[in-house]
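Note that numbering that gives the first Met the number 0 has the sequence shown beginning at 0, numbered continuously upward. Everything below concerns the one structure shown next.
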Amino acid sequence: MELLQKPVRLLTNINKWIGLIALGLMFPAVFVFAVARTTGNPIIGDIELVQFVMVVLIMGSLSLSEATNTHISIGLFVDKFSPAMQRVMDFIAHLLTLAFCLLVCWAFLSHLKTQESDLLGISYVPFKLFVIFGFLTWGLEALLKLVQDLKGEKTVAD
Numbered sequence: 000m001e002l003l004q005k006p007v008r009l010l011t012n013i014n015k016w017i018g019l020i021a022l023g024l025m026f027p028a029v030f031v032f033a034v035a036r037t038t039g040n041p042i043i044g045d046i047e048l049v050q051f052v053m054v055v056l057i058m059g060s061l062s063l064s065e066a067t068n069t070h071i072s073i074g075l076f077v078d079k080f081s082p083a084m085q086r087v088m089d090f091i092a093h094l095l096t097l098a099f100c101l102l103v104c105w106a107f108l109s110h111l112k113t114q115e116s117d118l119l120g121i122s123y124v125p126f127k128l129f130v131i132f133g134f135l136t137w138g139l140e141a142l143l144k145l146v147q148d149l150k151g152e153k154t155v156a157d
């Protein structure tokens, strides 16, 4: 189990730090963009830059939210089931998450084309590659939980 857990958590930590750096860059940038727009001197491409950083921020947080169980979940029905049925539902949820992540990775890989943004001419390729990396690490975290479900272990986050 540790053979799978260590590399997955390493990739999740890499993703986490990329997301934190993106968040740290976005706060002052949005502040500067807002002040510039308020003073009547808007910065060209500000919205486009924020959109690119937002992609990095979201993709950087996917696997971390899966690892720490901080994602949005609705247990309205599942919480009323027996513990055995809850484990079955968790297994199905982790399996579907893994399948979804692999599908998104495949879709982005199969449609990876060189395109540029309209205003600033920034290439989409690095961001598409990071979307693939973000969904791949999210899928790996789901796979880790799937293995833990099969072994009957309690899911523990770092």
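For every residue, glycine included, the Cβ atom is placed at its ideal position computed from N, Cα and C.
Residue pairing by DSSP puts Ser-122 in a beta bridge opposite Glu-115. Taking a 10 Å sphere around the C-beta of Leu-139, we find 16 or more other C-beta atoms and assign the residue as buried. Where Gly-74 is concerned, there is no enclosing alpha helix (DSSP H), because DSSP gives it neither an H nor an E. Taking the C-beta atoms as reference points, Lys-15 is found nearer than 9 angstroms to Ser-60. Assignment of Pro-6 by DSSP, reduced to helix, strand and coil, places it in the helix class. Straight-line measurement puts the Cα of Ile-42 at about 6 angstroms from the Cα of Phe-32. At the C-beta level, Val-7 and Thr-136 come within 9 angstroms of one another. Shown here, Ser-81 sits in coil according to DSSP, grouped into three states, outside any helix or strand. Taking the CA atoms as reference points, Phe-80 sits about 9 angstroms from Met-88.
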